[in-house]
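> 1 is the number of the first residue of the sequence shown in full-length UniProt numbering; add one for each residue after it. Quick reminder that beta carbons are idealized off the backbone N, C-alpha and C, glycines included. Note that the coordinates shown come from a computational prediction; the quantities given were computed from them, not determined experimentally. Sending over a structure as structure tokens; questions will come in a sec.
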Amino acid sequence: MKQLMMIGLGAMANEVLTHLPKDLALKWVVVPERSIENAKQVLPSDVQVISNISDCIGVPDYVIEVAGQAAVKEHAEKVLAQGWNLGLISVGTLADTTFFEKLQSVAQHTGAHLHLLAGAIAGIDGIAAAKEGGLEKVTYKGCKSPNSWRGSYAEKLIDLDHVTEATVFYQGTAREAALNFPANANVAATIALAGVGMDETKVELIVDPNISQNKHTIVAEGRFGKMSIEMIGVPLESNPKTSTLAALSVIRACRNSVDAIQI
Numbered sequence: 001m002k003q004l005m006m007i008g009l010g011a012m013a014n015e016v017l018t019h020l021p022k023d024l025a026l027k028w029v030v031v032p033e034r035s036i037e038n039a040k041q042v043l044p045s046d047v048q049v050i051s052n053i054s055d056c057i058g059v060p061d062y063v064i065e066v067a068g069q070a071a072v073k074e075h076a077e078k079v080l081a082q083g084w085n086l087g088l089i090s091v092g093t094l095a096d097t098t099f100f101e102k103l104q105s106v107a108q109h110t111g112a113h114l115h116l117l118a119g120a121i122a123g124i125d126g127i128a129a130a131k132e133g134g135l136e137k138v139t140y141k142g143c144k145s146p147n148s149w150r151g152s153y154a155e156k157l158i159d160l161d162h163v164t165e166a167t168v169f170y171q172g173t174a175r176e177a178a179l180n181f182p183a184n185a186n187v188a189a190t191i192a193l194a195g196v197g198m199d200e201t202k203v204e205l206i207v208d209p210n211i212s213q214n215k216h217t218i219v220a221e222g223r224f225g226k227m228s229i230e231m232i233g234v235p236l237e238s239n240p241k242t243s244t245l246a247a248l249s250v251i252r253a254c255r256n257s258v259d260a261i262q263i
């Protein structure tokens with residue numbers, strides 16, 4: 001039986017725990033210090049709840065992060081410094097070049113692997129494969145309803161109350177999009193890191209008053225040919241801001257950590 005450490009204990013974590021592979025046991029959960037007592041009340045007594053990686057008793061076989069960018073900044077380097085493999089769902093954190101290079105250096109030094117999970121988007125395997133033989137152009141388009149853009153930088157770029165049709169309100173690089181729109185950072189950053197990079201991947205953000213679900217579109221071109229991938233995401237019932245597919249991608253990473261045959 002392999003042992004898992006989980007960073008975070010929100011809606012996504014609960015979805016992951018519901019579908020954990022039978023050969024992987026949760027043994028450690030990392031939460032903010034203020035949340036330790038609450039976490040202990042909902043977790044089995046044999047799960048160690050900590051707020052600092054250095055307090056971990058034992059050695060996890062795999063670590064997954066399902067807590068957001070702040071938690072990545074706080075814990076990821078410490079996990080990799082221990083030589084532990086880490087699955088990262090909050091990939092948008094890596095738009096910070098200095099932080100990305102730091103994690104890369106630590107992982108190379110200790111031999112740990114940082115797994116960037118596909119999250120809320122499909123087609124990452126195809127983009128990564130195409131990169132090996134001449135990927136030339138990648139564009140990501142993210143489309144949401146006006147309400148889904150409220151509270152974001154979009155409110156400074158377009159009047160969300162008076163949009164009558166699908167409208168592109170932002171065009172830039174994946175790095176700029178990840179930094180300006182943290183809620184969309186993970187998708188844009190994952191596509192960029194799998195393909196042509198943060199500063200070469202183009203991003204278009206769209207508001208559409210006629211949709212209720214988030215739509216993701218990737219268009220890629222290169223020596224392999226051309227691919228167009230479109231996905232309409234359904235949020236978790238327990239948290240409308242969390243993608244169901246993103247949670248499922250974490251479960252897949254957990255399964256790959258124990259299965260002899262991986263896809």
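#1: Since I believe R175 is in contact with A95 (beta carbons under 8 Å), could you give me their beta-carbon distance rounded to a whole number of angstroms?
#2: Taking just the CA atoms, how far does N14 sit from A189?
#3: Roughly how many angstroms lie between the CA atoms of A220 and E37, to the nearest whole one?
#4: So, at 6 Å on beta carbons, what are the nonlocal neighbours of G123 in its own chain, with the 5 sequence-adjacent residues on each side left out?
#5: Going by beta-carbon coordinates alone, are K102 and E77 separated by less than 8 Å?
#6: Should I124 be flagged as near chain B, meaning a C-beta pair shorter than 8 Å?
#7: Per DSSP, what kind of secondary structure is V59 in: helix, strand or coil?
#8: Can you check which of these residues, P21, Q41, D23 and L24, is closest to L9 by C-alpha distance?
#9: Quick one: measure Cβ to Cβ for G68 and S51, integer angstroms, because I've assumed they're closer than 8 Å.
#10: Given a threshold of 16 other Cβ atoms within 10 Å of its Cβ, counted over all protein chains shown, does V31 qualify as buried or as exposed?
#11: Which residues bound the beta strand (DSSP E) around W84?
#12: Which first and last residues belong to the beta strand (DSSP E) in which S212 is found?
#13: Can you name the start and end residues of the alpha helix (DSSP H) that L17 belongs to?
#14: Can you tell me which of L135, A11 and E155 puts its alpha carbon nearest to the alpha carbon of G197?
#15: Is it true that the region 54-63 meets the region 16-32, where meeting means three or more beta-carbon pairs spaced less than 8 Å apart?
#16: To which residues does DSSP link Y140 through a beta bridge?
#17: For A25, list the residues DSSP reports as bridge partners.
#18: What does a CB cutoff of less than 8 Å around A154 pick up in its chain, not counting 5 residues either side in sequence?
#19: What is the DSSP secondary structure of V42, counted as helix, strand or coil?
#20: Here's a check: name, in chain order, each residue in its chain whose Cβ is nearer than 7 Å to the Cβ of T242, leaving out the five neighbours to either side.
Short version:
#1: 5 Å
#2: 24 Å
#3: 47 Å
#4: For G123, the CB contacts under 6 Å within the same chain, skipping 5 residues up- and downstream, are I218 and I229 in chain order.
#5: yes
#6: Protein chain content of the structure displayed is limited to a single chain, and chain B is not contained in it.
#7: Of the three classes helix, strand and coil, the one that applies to V59 here is coil, per DSSP.
#8: Minimum Cα distance to L9 is reached at Q41.
#9: Contact flag wrong, Cβ pair sits at about 15 Å.
#10: buried
#11: Note, W84: premise wrong, no beta strand (DSSP E); not H, not E.
#12: Per DSSP, S212 belongs to no beta strand (DSSP E) and is neither H nor E.
#13: A11 to T18
#14: Out of L135, A11 and E155, L135 has the C-alpha closest to the C-alpha of G197.
#15: yes
#16: V203 and I218
#17: Q3
#18: L160, F169, Y170, F181, L205 and V207
#19: helix
#20: A11, M12, P235 and L236
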